[in-house]
Each structure stands twice: as structure tokens, then as C-alpha cells.
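>
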Amino acid sequence: MSKIVSLNEIPINTSGKIVEINGGRRLFAKLEAMGIKIGDVITKTSAQWMKGPVIIRKGNTDVAIGYGMAGKIMVETSGKGRLTG
Amino acid sequence: MKILLMGNPNVGKSVVFNRLTGADVIASNYPGTTVEFTRGHIKIKEQIAEIIDVPGTYTLEPTCDAEEIAVEMLEKGADKIINVVDSTNLERSLNLTLQLIKRKIPMILDLNIYDEAVHKGISIAVEKLEHMLGLPCVTTCAVTGEGIKGLVDRLDDAAVSDLNYVDNDKWKKIGDIISSVQTITHRHHTFIEKLSDASVRPFTGIQIAIVVMLLAFFIIRIIGETLIGYVLEPIFEKLWAPLMLKFSDIMGQQGFLHDLLIGKLINGEIDFGQSFGLMTTGLFVPIASVLPYVVAFYLVLSFLEDSGYLPRMAVMVDTLFHRLGIHGLAIIPMMLGLGCNVPGVLSTRILETQRERFIAATLLSIAVPCMALQAMIVGLVGRSGVSGLIVVYITLFFVWVALGMLMDRFVKGRSLEIFTEIPPYRIPYLRGLIKKVWVRIKWFIMEAVPYVLLGVFIVNLLYTFGIIQYMGKIASPIVTGVLGLPEETVGALAIGFLRKDVAVGMLAPLDMTWKQLVIAAVVLTMYFPCIATFSTLVKELGVGNMIKSTAIMVTASLVVGGLLNLFL
């Protein structure tokens, strides 16, 4: 069963397919510039404590984004693994 | 002929540029280093071409300042473009390539970092890629120099691609190219990749950050102290001092000119710390006391930059920095500021909003002492043990945090969240590293030495005409009353505007107590930026914001100095 949740709600080392980016044009453009766009499968490789930055990986690109931005990126996961929230 | 070197940040563009031209470019392993572009020349088949290293950009639809500069430079026109791409990140890189193709400028594609791609199990069918893009493609490994000759040889083949696509289909087109030219063989994670992940995980990341900082501190101290103790002090004491003494004899050991050049003799000898002549203290302070630490600092900093550690550190400090109204990438201006505040302030440009830049620049000029100042503080305060130094550094750190939190509350405007690529760890390109350290040291010598000499010159004038004594009387309610310092420190505070290292040097003969030394060091760091930083702040922040920033500095230094005087 697949679930659609924000990046902040999946545990680290989990992959998901981006289905929606709720931010403004700016976040969309910044992600696209890094080659990350809707439909891509990304992995959340790390998240800092106390709502710190989240690190996402696509291919050989690692990008650190703020917690707020991560909350705007909706991903579809396979539903396997532990989901928090 | 004008050739633009364009590509994503962190794809080794500056190393390619260095290889092509041999000019002084600063390459670092974090995005946005070449905010100010650099040009050089290259000889291709008896023809001299101008080659410009354009700031790294991910896209031609700018999302930050560095990218805007890149687009502006492209719009000024060029005869050829060398598009440098990261072979390990072909898909992302082609986004820019496809946008560049639309500009209809003859172009050549340089698949750089090709060795690493091979290493990572990525294979690229170069001829097929050439055919699909309609551009000549070469592979290079700029760090070792492999393929650079091939790049130069094929520059003439640069072509205008006939590739056509509509913007909405850009990623589909890229996807098609990738799926037909790139194959990835699965392989296990290497140690470097594991280390890379560990350095941004919360628990292991903090431990690694602490180890890195302690190591950095330790190495700077060892290099600095060794250079001073075994090289520079012996040169000054054994070679320069006797020469100056002879010179002093010739000049009759006194008189205005003698005091200006040689300074006061202390028990018939030259004391490089206290004589205060242009050719004694004026040379000794920048060259023997400060330069060794500057060299050590830039070696370590440049290594950290080129290895790719700084963006990881940015991630680790982001949560704390957020409380101060800036995000983690502001660690870069802070670290540069520990060397010299001027490049620190300049690099606040990597922050996007006016508010973030104001907060970062103010925090930096108030509570981040430059290496020159630190070297002198260590020399002066450290004389009576480390405890004084610990108090100075802890106080500055608290000021930095507290002021940041206050500014976050009261400064209007918007602060953004961190958004940065985390480049892979790389072993620094040694030639590039040495060149970078050299450029920075050269810059320090050109900037610092003249100001130190001017500072020493003015100190002499102020003493000769009794101006310092006069200023001391006027300022004594504040300096003595609030801060508990001797009247004579006014002279140091005045000279601190010119050069803070000279100012600390002026405190040496004053015979101050432990407490007074600590207060003087903290106040001298905080109260006002030196003239070089001041003019950079005016340029970067504008006059209005500079006045605000300065008001914060003066007030904070009096409050903190007063509190230390009360409670120490």
C-alpha cells in the first residue's frame, strides 16, 4: 500500500517518489536547478535534530534543505518501513 | 576571441581554468566561490584568446546572485563556450547544457571528473552523446591534467548544436539522452561515502565536527608557533636587531626621526614588542607575530574548503544559526572572518536576503576576531596563562549568540532556510590549494603591512605631540570609569580603527592586570571594525545599515566591557 506524506514524515534511508511540491515557484525552481523534480525518486539520507535541515539524494547529488522546505515536498512511498506521524 | 567557461558549481571549473591558463583563481569545494569572475589568456594555434571563468550556475533562470552574474556575463556575448560538466552528475548537468544550446553560441562539452565517474561504476558513451547533443565532447580529469590537451585541441571544433526541444519537454529529452548514453554498474559504498554520510548525521556529525575543529585549532597552533619560534623570531632577533642597533648608533640613538624609524631603546636594546619604530615593531608585528598564524590558518581553511567539509558543517550548525536569523551556510563568512573580516564580509553575499547579510556581517565584525588580532591577543593575554584567553573567547561566543538572537527578534525582513548542495568529499588538488593559500597570503601582505606601518607612524605622531595624553583625559570617564582600563588605552582604541593588531601591540608596555587585559582584548575586538572592514561594510550594507551596525557594536562593547569590569 502506498502512502503520500511529506518528506518530514518518512524515516531516514527511505525513498519516495515526489508527487507534489507545495512551495512557491522559488522552491520549485531551486530543486529543478539541482535536477530534482516531480516524478523523481529521492532518498532522505539524513535529518538533523530539532527541526534542522534534511538531506535528500538523487543519483549522485546530495542537497541539504530546510525543515520547512522538506515539509512542502510530498512523496509517495511504498508504505514499507516505519512511518512516523 | 572570448571563451566562457561555464558549468554547475563544484564541477572543477576553476581547476580546468587553472590548467588552461595558469592564472590565480580561487577554487573551493562549495558552491558560489567564484562570485567575482576571473579572466585569463590561452594560446590556441598561435592565436591568443581571452578565457573567462564564469561563476558556477545550475540554471540560466537565476535563483541567486552568483547565477545572475553568470547569466549577465553570458548575455554580454561570447565567441565560444566550454561547458564543464560533472561526469558523475550528467543528468543534472545536461539541464544547463540544454539551456546553453538555445543561446546558439559555438560550444564544446567537457566531461570533467571523468575518473571519478569510472570509479563510481558510471560509464558514458561519449561518441553517442556527441551525436545526440550535436556538440564535440571531451573527457577530462582536470585535477591530474588528463585530457586537458585534448580539450584545447578540439576547441576549434566547438559547434552550434541543432538540437531542438520545447521547454516543457526538456527533462524528457534529458531523460532520453541519459538512458541511451549512460549505464550504471551497481557497487558498494566506499569508505569516503560512508564518512560523507556520517558527517551529516546528527550524532556522528557533531562528533566529527568537534574532532575537525580541534584538529584545525591544533594544527594552526603548531604551524604558527613553529614558524614564529624557529624561523621568524630568530631572524628578527639575531639578524635584524643588530643591524637596527647599528643604524640606531649612526642616528645618535635619539631624535624624532630615530624614534620614528627605530623607536625607543629599552635598556639600550631593541624590543620588537615595545620600541614602536617603523622598522622594528612596524615590521615585526605583521611579519613575525601575525603572518605565521595567517599562513597556518589559510592552509587549514583552504584544505577544509577544498575537501568539501564546510557545507557539511553548515548543515551541522544550521539549527543554532537559525536562532540567530541566519542559516547554516553563514558558517562560511564566519570561518573566512576568522582569517580576515574583509573577505568574511564579502562572502556574506552567499546569503540571499538583505536581513541575513546584515545580521551575518554585523555578527562577524563584532564577535569574530581576525587572525591578526587573535595572534596579538594570544601573545598578550596568553602571557599570564590560558585562563584569560578562555574568558575572552567564551565572552565573544556568548556575545555572538546573544546579539544574533536579539537581531533575529528586532531586525526587520525575511530570513530563508538553508538550501545547498553537499558536494562529495574530494582530496584537494594540491597545486590549486597552494596557489590559493599563496593568493590569500599575498593579499594579506599587501593589505596589512602598509596599514600596520601607517598605524605605527600615527602612534608616533600622537605620542610626540601629546595627543594621546589629551585624548586619555577626555575619554577617561568611559575608559576608566566604565571599563576600568588605564587612560593610555585610549590610544590603542584610536589606533584600533586602523589596525587592531597594532592596537593590541600598544597595550604591551602598559603593565595591565589580568582583568584589564581581558577587558581590553574583548573591547578592542568588539567596539569598531578596522578601517578595511569598515569600508567593506559600507560597500556591502550601504551607509544607513552601516550606521545601525556600528551603533550596535559601540553599545554592545560598552555593555559587555562594563559587565566584565563589574563581575570579573
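Protein sequence lines, in the order shown, are assigned to chains B and H.
Using the numbering used here, you'd call the opening residue of the first sequence number 168 and step up by one each time.
Using the numbering used here, you'd call the opening residue of the second sequence number 155 and step up by one each time.
Every residue, glycine too, gets a C-beta built ideally from N, C-alpha and C.
Would you identify the three-state DSSP class for R115(H), choosing helix, strand or coil?
Given that chain H is displayed from residue 155 to residue 722, the structure contains no residue 115(H) and the question cannot be resolved.
> Which whole-angstrom value is the C-beta distance of A203(H) and P260(H), which I expect to be below 8 Å?
Between P260(H) and A203(H) the Cβ distance is about 12 Å, and since that is not below 8 Å, they are no contact.
> Does the stretch 551-564 of chain H come within contact of the stretch 471-489 of chain H, defined as at least 3 CB pairs closer than 8 Å?
Touching, yes.
> What are the boundary residues of the beta strand (DSSP E) that includes N266(H)?
261-266
> Can you confirm whether V208(B), when its beta carbon is compared against all beta carbons of chain H, has any partner nearer than 8 Å?
No - not a single Cβ of chain H is within 8 Å of the one on V208(B).
> What residue range does the alpha helix (DSSP H) around E391(H) cover?
Neither: E391(H) is in no alpha helix (DSSP H) and is coded neither H nor E.
> If we count the other Cβ atoms within 10 Å of its Cβ and call it buried at 16 or more, is K627(H) buried or exposed?
exposed
> Just to confirm my understanding: we take A352(H), look at its own chain, exclude 5 residues before and 5 after, and list those with CB closer than 8 Å. What are they?
T358, G359, I362
> Note down the Cα distance separating N183(H) from L174(B), rounded to an integer number of angstroms.
Since pLDDT at N183(H) reaches only 47, below the 50 mark, its modelled position is unreliable, and the value read off the structure follows with that caveat. Near 27 Å, if we compare the C-alpha coordinates of L174(B) and N183(H).
> On the CB-based measure, 16 or more other CB atoms within 10 Å of its CB, does M700(H) come out buried or exposed?
buried
> Judging by CA-CA distance, which residue of I504(H), L543(H), L399(H), S703(H) is the nearest neighbour of F512(H)?
S703(H)
> So, with DSSP's three-state summary, where would you put R355(H)?
coil
> Would you mind telling me which residues of chain H sit closer than 8 Å to K239(B), beta carbon to beta carbon, in chain order?
Ordered by position in chain H, no residue passes the 8 Å Cβ test against K239(B), which lies about 10 Å from the chain.
> Run the CB neighbour count on V546(H), radius 10 Å, all protein chains shown included, and call it buried at 16 or more, exposed below.
buried
> Just to confirm my understanding: we take I544(H), look at its own chain, exclude 5 residues before and 5 after, and list those with CB closer than 8 Å. What are they?
Here I544(H) has no same chain residue with a Cβ atom under 8 Å from its own Cβ, once five neighbours each way along the sequence are excluded.
> Given a limit of 7 Å on CB to CB distance, which residues of the stretch 209-229 of chain B reach chain H?
T212, S213, Q215, W216, M217, G219, P220, I222, G226, N227, T228, D229
> Sort V656(H), S168(H), I706(H) by Cα distance to G533(H) and report the nearest one.
Here the closest residue by C-alpha is V656(H).
> Pick out whichever of L458(H), F430(H), A271(H) has its Cα sitting closest to the Cα of I581(H).
For I581(H), the closest C-alpha among the options L458(H), F430(H), A271(H) is that of L458(H).
> Check whether the Cβ of G202(B) lies closer than 8 Å to any Cβ atom in chain H.
yes
> Counting pairs of Cβ atoms below 8 Å between the stretch 329-349 of chain H and the stretch 276-286 of chain H, do you hit three or more?
A contact exists between the stretch 329-349 of chain H and the stretch 276-286 of chain H.
> Do you know how far the Cα of K566(H) is from the Cα of V292(H)?
50 Å
> Buried or exposed: K654(H), going by 16 or more other Cβ atoms within 10 Å of its Cβ?
buried
> Are the C-beta atoms of S456(H) and some chain B residue less than 8 Å apart?
no
> Which residues in the same chain as L445(H) place their Cβ atom closer than 6 Å to its Cβ, once the five residues preceding and following it in sequence are excluded?
Short of 6 Å from the beta carbon of L445(H), and not among the five residues preceding or following it, lies no beta carbon of its own chain.
> Can the beta-carbon of L283(H) be found closer than 8 Å to that of I236(H)?
No. Outside cutoff.
> Let me know the secondary structure DSSP gives N175(B) once reduced to three states.
Of the three classes helix, strand and coil, the one that applies to N175(B) here is helix, per DSSP.
> Check whether the stretch 597-611 of chain H and the stretch 219-238 of chain B touch, using three or more Cβ-Cβ pairs below 8 Å as the test.
A contact is defined here as three or more CB-CB pairs under 8 Å, and the stretch 597-611 of chain H fails this definition with respect to the stretch 219-238 of chain B.
> I think V239(H) touches V165(H), with their Cβ atoms under 8 Å apart; what is that distance to the nearest whole Å?
6 Å
> Could you name the residues of chain B that T213(H) contacts, counting a contact when the two beta carbons are closer than 8 Å?
A196, E199, A200
> Does any residue of chain B have a CB that is nearer than 8 Å to the CB of K274(H)?
So yes, K274(H) belongs to the interface.
> Please confirm if P356(H) has its CB atom under 8 Å from at least one CB of chain B.
yes
> Residues of chain H with CB closer than 9 Å to the CB of I232(B), please, in chain order.
E571, I572, F573, T574
> Quickly, what does DSSP pair E204(H) with across the bridge? List them, please.
K156(H), H195(H)
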